[in-house]
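What follows is a short report on a single structure.
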Amino acid sequence: MTSPATDPAGADRWAAAARLADGQSDDGLHRRRTRVFVWVGALVLVSWAVGVVLALVLVPATGSNHASGGGGVQLLLQLLLLLLGLVVGIVGFVWAYRSGHYVTRWRSVSSPLSRAEQRSVRRQIAGKEPIDDEHADIVTAVAVQNRRATLGILPIFGALMLFAASTAVSTDSLPIKLIELVASFAVVIGLVQLAVQYRRAGRFLSEHALS
Numbered sequence: 000m001t002s003p004a005t006d007p008a009g010a011d012r013w014a015a016a017a018r019l020a021d022g023q024s025d026d027g028l029h030r031r032r033t034r035v036f037v038w039v040g041a042l043v044l045v046s047w048a049v050g051v052v053l054a055l056v057l058v059p060a061t062g063s064n065h066a067s068g069g070g071g072v073q074l075l076l077q078l079l080l081l082l083l084g085l086v087v088g089i090v091g092f093v094w095a096y097r098s099g100h101y102v103t104r105w106r107s108v109s110s111p112l113s114r115a116e117q118r119s120v121r122r123q124i125a126g127k128e129p130i131d132d133e134h135a136d137i138v139t140a141v142a143v144q145n146r147r148a149t150l151g152i153l154p155i156f157g158a159l160m161l162f163a164a165s166t167a168v169s170t171d172s173l174p175i176k177l178i179e180l181v182a183s184f185a186v187v188i189g190l191v192q193l194a195v196q197y198r199r200a201g202r203f204l205s206e207h208a209l210s
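For the sequence shown, numbering that gives the first Met the number 0 assigns the number 0 to the initial residue and increments by one for each residue that follows.
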């Protein structure tokens with residue numbers, strides 16, 4: 000990692016991360032927040048476009064099956080799963096926000112750091128790099144924040160699984176069911192990665208007696 004003494008911009012990034020670790024704001028917060036909003040907006044638009052295309056292509060092919068009867072039970076099950084997903088997602092988000100487990104991207108302690116610095120911090124937490132004594136407090140703050148954020152995002156993953164199940168039971172279309180199966184598999188992979196991250200952060204804090 001480049002030494003702050005020879006990289007003034009790097010020193011500024013670490014100083015901004017230290018302020019976030021102390022609960023303060025920093026000059027780049029608004030810029031990072033705008034960037035996140037742009038990405039989220041783009042993701043929503045792309046998801047909406049994909050949904051419209053799927054509806055136009057696949058729904059007409061399955062409409063006759065629902066018209067013949069038997070769609071009432073599917074609709075009821077779909078609504079129940081959808082309602083349960085909304086409850087889990089909303090209640091989980093409120094809990095995470097009120098308890099401090101919800102961490103926005105722009106308030107992440109590591110957000111001011113460069114990609115290489117963030118990667119170095121992750122490797123230190125994973126035990127793949129020696130601890131950087133000069134920035135040990137920041138690395139520790141990232142580990143603590145990672146564990147809290149991991150718990151906070153679990154309800155969102157649960158809601159996504161329920162939404163996928165809701166869509167799958169609402170149709171007899173094999174392509175849609177396969178899409179939802181792939182989406183559910185991706186969520187499971189994400190959960191496994193979160194579990195690994197949670198354990199690594201916990202082990203790091205335990206080994207360095209800083210929890």
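By construction, the Cβ of each residue, glycine as well, lies at the ideal position given by its N, Cα and C atoms. A quick note: this is a predicted structure, and the numbers were derived from the prediction, not measured.
Check: Quick check: VAL108 and LEU204, are their CB atoms within less than 8 Å of each other?; Outcome: no
Check: Near ILE130, what residues of its chain come up, given a Cβ to Cβ distance below 8 Å and the 5 sequence neighbours on each side ignored?; Outcome: GLN123, VAL138, HIS207
Check: Roughly how many angstroms lie between the CA atoms of GLU133 and TRP13, to the nearest whole one?; Outcome: 10 Å
Check: Relative to the alpha-carbon of GLY126, which residue among LEU177, ALA10, VAL195 has its alpha-carbon at the smallest distance?; Outcome: VAL195
Check: Find out if the Cβ-Cβ distance for the pair ALA163, ALA182 is shorter than 8 Å.; Outcome: yes
Check: Do you know offhand how far ILE155's Cα is from PHE184's?; Outcome: 15 Å
Check: Buried or exposed: ARG146, going by 16 or more other Cβ atoms within 10 Å of its Cβ?; Outcome: buried
Check: Hey, could you find the ends of the alpha helix (DSSP H) GLY126 is sitting in?; Outcome: Counting along the chain, GLY126 falls outside any alpha helix (DSSP H), and DSSP gives it neither H nor E.
Check: Rounded to whole angstroms, what is the Cα-Cα separation between LEU74 and LEU83?; Outcome: 14 Å
Check: With DSSP collapsed to three states, give me the class of LEU159.; Outcome: helix
Check: To the nearest angstrom, how far is it from the Cα of LEU153 to the Cα of ALA8?; Outcome: 35 Å
Check: Give the DSSP-derived three-state secondary structure of LEU204 in the structure shown.; Outcome: helix
Check: By DSSP, does LEU112 sit in helix, in strand, or in coil?; Outcome: coil
Check: Quick one: grab the DSSP three-state call for VAL102.; Outcome: coil
Check: Would you mind giving the Cβ-Cβ distance between VAL186 and LEU159, rounded to the nearest angstrom? I have them listed as a contact below 8 Å.; Outcome: 5 Å
Check: Distance check for TYR96 and ILE89, CA to CA, integer angstroms please.; Outcome: 10 Å
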